[in-house]
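Protein chains in written order, with our numbering: chain L, 5 to 237; chain C, 461 to 742.
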């Protein structure tokens with residue numbers, strides 16, 4: 005039995021979306037996209053979050069489960085900036101020698117409060133909604149940390165070199181974003197407002213590089229005995 | 461507030477602190493100040509005005525105890541010394557205790573804080589008549605509005621009970637301080653205050669106008685010539701502008717100017733003070 009060519013074309017047309025869905029998003033064959041982030045003085049900028057959002061549907065690369073931790077040490081949160089996928093858990097250990105902390109966030113994606121807990125103790129918070137979560141200590145106002153919770157998996161945080169690379173970026177149109185807690189106008193209404201740029205990744209592109217220059221505002225972690233300890237006693 | 465009462469309250473707070481769970485470590489804070497006062501004699505007559513340099517050292521260390529998630533108790537001690545290079549009769553030292561209860565109205569850096577502080581010092585002085593005890597209660601409401609602006613409203617009732625009545629001082633002072641962050645390292649503060657209470661004015665006799673105002677007076681040679689110290693109940697209004705700049709994580713330098721106008725009609729004098737201070741947190 006032979007199948008008429010007309011029927012074959014028809015079947016092929018009906019199954020095309022499935023075929024496309026199965027063949028196009030092969031992240032393992034995607035490009036590496038590099039970001040170079042600097043401040044207004046052209047100095048490399050650490051702690052900048054670089055993100056790619058696909059403007060068309062794309063399958064994100066698998067991200068292995070990781071234990072994320074923001075410690076309290078020397079009346080500071082460390083790290084200052086954390087970027088996670090939605091649904092991640094963040095552990096908040098107190099690594100001070102004597103000082104208790106009262107860690108909280110009033111940010112819309114995850115308001116929470118862990119009243120005074122001692123050194124050696126840890127609390128954990130699950131960040132189940134995307135957005136910016138700002139952590140503070142209700143006793144030590146100079147303590148602040150930022151957690152950017154993202155739905156996308158194409159993200160990274162710049163180290164001291166200001167350079168970060170996102171791998172497995174499939175050809176297509178993307179929105180590249182860069183955000184830093186000190187970015188001027190970088191937080192509005194409690195939400196992160198990144199610098200953004202649309203980019204097209206063509207098949208065979210060799211490691212495109214995106215350079216961003218950020219204008220920064222004052223650091224909220226100001227320290228020093230400024231009358232009332234930089235915040236309140 | 462009477463000194464014994466202050467001691468009882470401080471002792472009570474110490475007992476409360478022992479039962480509180482979260483001691484957080486002493487954080488001694490040393491402030492070294494050099495101040496030029498154009499009218500150290502608080503004189504109303506220009507011929508009696510003597511400018512002088514004063515140096516001060518103050519060490520305050522306190523430990524925080526969390527009582528509830530919104531309340532804390534700060535217990536500490538204070539040691540201070542004043543030295544006047546030209547007039548060492550004014551040299552004095554003080555040691556004492558501090559106890560402060562703080563209540564924070566909610567979460568975060570912008571939540572207002574209300575505090576009540578009790579202070580008690582034993583004061584030694586080169587001129588024995590100035591020796592005594594100083595006590596005070598300070599009520600403060602602090603509020604930070606955003607990353608740049610903050611304010612504090614303070615009322616202080618203080619008294620110094622000296623060996624000689626002329627050196628007693630009682631006063632009530634209300635002050636409003638506005639602070640603005642200039643950048644990551646510097647802050648500007650403007651403080652205005654109103655005080656009603658005893659002041660000590662020195663004048664060369666005869667001054668019948670001051671005699672009428674000052675039931676307590678004493679002849680002294682503190683300033684290198686015979687003058688009379690008059691204790692006068694007067695009102696003072698003042699304004700202070702200062703810039704404080706962090707030098708590193710633990711140190712800051714402060715430059716300030718203060719103007720004071722003190723009056724009990726027809727008596728009146730003005731002070732201009734310029735100060736430079738170094739603050740270090742250990």
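Ideal Cβ positions, reconstructed from N, Cα and C, are used throughout, including at glycine.
Identify, in the order they occur along the chain, each residue of the same chain with its Cβ nearer than 6 angstroms to the Cβ of residue i, setting aside the five sequence neighbours on each side.
i                      : result
residue 627 of chain C : 589 and 590
residue 585 of chain C : 552 and 591
residue 222 of chain L : none
residue 481 of chain C : With a pLDDT of only 47 at residue 481 of chain C, under the threshold of 50, the placement of this residue in the model should not be trusted; the figure read from the coordinates follows. So the list is empty, once near-sequence residues are dropped.
residue 735 of chain C : 493, 495 and 716
residue 180 of chain L : 56, 201, 203 and 214
residue 531 of chain C : 563
residue 671 of chain C : none
residue 636 of chain C : 613 and 652
residue 602 of chain C : 573 and 612
residue 93 of chain L  : 128 and 130
Checking the sheet assignment: what are the DSSP bridge partners for residue i?
i                      : result
residue 576 of chain C : C:561 and C:599
residue 723 of chain C : C:695 and C:728
residue 591 of chain C : Residue 591 of chain C pairs with nothing; no bridge assigned.
residue 217 of chain L : L:42
residue 74 of chain L  : Answer by DSSP bridge pairing: none, since residue 74 of chain L is not bridged.
residue 159 of chain L : L:55
residue 512 of chain C : C:497
residue 704 of chain C : C:647 and C:714
residue 178 of chain L : L:58 and L:203
residue 655 of chain C : C:633 and C:696
residue 86 of chain L  : L:151
residue 741 of chain C : C:489
Which bits of chain L does residue i rub up against, with CB to CB less than 9 angstroms?
i                      : result
residue 529 of chain C : 106, 117, 119, 120 and 142
Measuring alpha carbon to alpha carbon, tell me which residue in the options is nearest residue i.
i                      : options                       : result
residue 198 of chain L : L:159, L:144, L:108 and L:114 : L:159
residue 556 of chain C : C:530, C:562, C:546 and C:520 : C:520
residue 459 of chain C : C:549, C:509, C:576 and C:714 : No answer is possible for residue 459 of chain C: the residues shown for chain C start at 461 and end at 742.
residue 560 of chain C : C:554, C:574 and C:569        : C:574
residue 494 of chain C : C:716, C:606, C:721 and C:722 : C:716
residue 34 of chain L  : L:161, L:58, L:187 and L:164  : L:58
residue 86 of chain L  : L:149, L:176, L:40 and L:169  : L:149
residue 170 of chain L : L:75, L:54 and L:45           : L:54
residue 431 of chain C : C:653, C:657 and C:678        : Since the first and last residues shown for chain C are 461 and 742, residue 431 of chain C lies out of range.
residue 608 of chain C : C:582, C:733, C:569 and C:595 : C:569
residue 122 of chain L : C:649, C:526 and C:632        : C:526
residue 658 of chain C : C:644, C:665 and C:673        : C:673
residue 630 of chain C : C:687, C:680 and C:694        : C:694
residue 700 of chain C : C:642, C:731, C:683 and C:554 : C:731
residue 72 of chain L  : L:128, L:188 and L:219        : L:128
residue 581 of chain C : C:664, C:720, C:646 and C:618 : C:618
residue 114 of chain L : L:96, L:98 and L:139          : L:139
In its own chain, which residues sit with a C-beta less than 7 angstroms from the C-beta of residue i, not counting the 5 before and 5 after it?
i                      : result
residue 512 of chain C : 497, 500, 544, 546 and 547
residue 625 of chain C : 676
residue 741 of chain C : 487, 489 and 710
residue 112 of chain L : 135 and 194
residue 712 of chain C : 704, 705, 706 and 739
residue 177 of chain L : 59, 60, 202 and 204
residue 723 of chain C : 694 and 695
residue 729 of chain C : 499, 502, 503, 504, 661 and 722
Residues of chain L with CB closer than 7 angstroms to the CB of residue i, please, in chain order.
i                      : result
residue 498 of chain C : Here the premise fails: no neighbours, minimum Cβ distance about 25 angstroms.
In chain order, what residues of the same chain have a beta carbon less than 8 angstroms from the beta carbon of residue i, not counting five sequence neighbours either side?
i                      : result
residue 90 of chain L  : 131, 132, 133, 134, 153, 154 and 155
residue 225 of chain L : 80, 84, 146, 147 and 148
residue 30 of chain L  : Annotation note: pLDDT 41 at residue 30 of chain L (below 50); position unreliable, coordinate value reported separately. Answer for residue 30 of chain L: 174, listed in chain order.
residue 623 of chain C : 588, 589, 590, 591 and 592
residue 51 of chain L  : 83, 84, 85, 161, 162, 184 and 185
residue 27 of chain L  : Any answer about residue 27 of chain L is weak, because its pLDDT of 35 lies below 50 and its placement is not dependable; what the coordinates show is given next. Within the same chain, residue 27 of chain L has no close Cβ partners at all.
Name the chain C residues that come within less than 9 angstroms of residue i, Cβ to Cβ?
i                     : result
residue 51 of chain L : Here the premise fails: no neighbours, minimum Cβ distance about 15 angstroms.
*Quick one: which residues of the segment 103-120 of chain L get their C-beta closer than 7 angstroms to a C-beta of chain C? List them in chain order.*
Residues of the segment 103-120 of chain L whose Cβ lies closer than 7 angstroms to any Cβ of chain C, in chain order: 103, 104, 106, 108, 110, 117, 119 and 120.
*Give the residues from the segment 627-648 of chain C that approach chain L closer than 8 angstroms (Cβ to any Cβ), ordered along the chain.*
Those would be 639, 641, 643, 644, 645 and 647, in chain order.
_Within 9 angstroms of chain L by C-beta, residues of the segment 507-537 of chain C in sequence order_ = Shown in chain order are the members of the segment 507-537 of chain C whose Cβ falls below 9 angstroms from a Cβ of chain L: 522, 524, 526, 528, 529, 530, 532 and 534.
*Of all the residues that make up the segment 604-618 of chain C, which are near chain L by a beta-carbon distance shorter than 7 angstroms?*
Listed by position along the chain: 607.
*Relative to chain C, which residues along the segment 203-226 of chain L have a C-beta separation below 7 angstroms, given in chain order?*
Against chain C - using a Cβ distance shorter than 7 angstroms - the residues of the segment 203-226 of chain L are 222, 223, 224 and 226.
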